[in-house]
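Asks:
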Amino acid sequence: MAQAKLRHMKPRKVVRESSKHSSRKFSIKKYKMSRRWWQFSTAGILVLLLAITIGVLLYNAKMSTSRIIGRHVEEMGQVFELINEKCGILDFEHDVNYVDFLTVGSFVGSEVGAMNLRNPQEWGGPYLQDNPTIQTKYYEIIRTNKGYFLVPGNGVKLSNGMVVGKDLIFDKETDINALIEDGTLLNKAGKPLAVAILTHR
């Protein structure tokens, strides 16, 4: 009778262990899936945050470029105005002239860099400690049919995405005042990215 009872109980024990084992396997699988989901979610959030950060940095870099150009143009515009008042700017040697001479302290003759002066003895340079550049490019003075203009150098990418010399061509026919008025050569603060250089001719 006892043997019969034992035989009867043995299968029950096997069923219970099998059920426990199956339940444990299911829990481990569920845990692994949950952990994998959290890993993917965390990775997705990190990628999104990285993309947002890069986007903000690129936007700020663009805005910073236009602010720097606006400040440089305003500063150099005032310098050339002072030079014209004291020395009398006659003209510039080329159609495209690099602004790389505002750090000159003294010179011989009537020309400093590409600029020709009426009264060179009145030169009060150096006017700046460093010749301003943007994106490693010197600013340029362009000869147009409406006079001389100081503009960002060839190859500079503006905050509106236009590249000087590629999308924006400066030559004798270019109406730079019109480009300032229509906003092409204005930054977000409303400051012009080009300025007229007055001469005594």
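Just remember that the working numbering sits 39 ahead of the position in the sequence shown, which is counted from 1.
Where is the CB? At the ideal position from N, CA and C, for every residue including glycine.
Looking at the secondary structure, which residues open and close the alpha helix (DSSP H) in which residue 220 lies?
Replies: 215-220
Asks: Keeping to the same chain, check which residues put their C-beta closer than 7 Å to that of residue 177; ignore five residues upstream and five downstream.
Replies: Around residue 177: 137, 138, 139, 170, 192.
Asks: Note down, one range per segment and in chain order, each beta strand (DSSP E) of at least 3 residues found wholly within the segment 159-226.
Replies: 179-183, 186-190
Asks: Note down, in chain order, each residue of its chain lying with its Cβ closer than 8 Å to the Cβ of residue 107, except the 5 sequence neighbours on either side.
Replies: So the list reads 173, once near-sequence residues are dropped.
Asks: Measuring alpha carbon to alpha carbon, tell me which residue in 200, 204, 187 is nearest residue 215.
Replies: 187
Asks: Does the count of Cβ pairs from the segment 153-170 and the segment 124-131 closer than 8 Å reach three?
Replies: Verdict: yes, contact present.
Asks: Quick one: what does DSSP say residue 141 is sitting in, helix, strand or coil?
Replies: coil
Asks: Could you give the first and the last residue of the continuous beta strand (DSSP E) run that contains residue 130?
Replies: 128-131
Asks: Give the range of the beta strand (DSSP E) segment to which residue 156 is assigned.
Replies: 154-156
Asks: Which of the three DSSP states, helix, strand or coil, is assigned to residue 234?
Replies: Correct three-state label for residue 234: strand.
Asks: To the nearest whole angstrom, what separates the beta carbons of residue 134 and residue 211, a pair I think is in contact under 8 Å?
Replies: 7 Å
Asks: What three-state label does DSSP hand residue 135 in the structure shown?
Replies: strand
Asks: Are the Cβ atoms of residue 109 and residue 230 separated by less than 7 Å?
Replies: yes
Asks: For residue 121 and residue 84, I'd like the C-alpha separation in whole angstroms.
Replies: 55 Å
Asks: Would you identify the three-state DSSP class for residue 148, choosing helix, strand or coil?
Replies: coil
Asks: I'd like the list of long-range same chain contacts for residue 225, defined as Cβ closer than 8 Å, with 5 residues on each side in sequence excluded.
Replies: 219, 231, 232
Asks: Under the three-state reduction of DSSP, which class applies to residue 82: helix, strand or coil?
Replies: helix
Asks: Measure the C-alpha to C-alpha separation of residue 213 and residue 240 and round it to an integer number of angstroms.
Replies: Rounded to whole angstroms, residue 213 to residue 240 spans 20 Å at the Cα level.
Asks: Would you kindly work out how many angstroms separate the C-alpha atoms of residue 207 and residue 78, rounded to a whole number?
Replies: 48 Å
Asks: Measuring alpha carbon to alpha carbon, tell me which residue in 82, 235, 125, 217 is nearest residue 161.
Replies: Restricting attention to 82, 235, 125, 217, the CA atom closest to the CA of residue 161 is found in 125.
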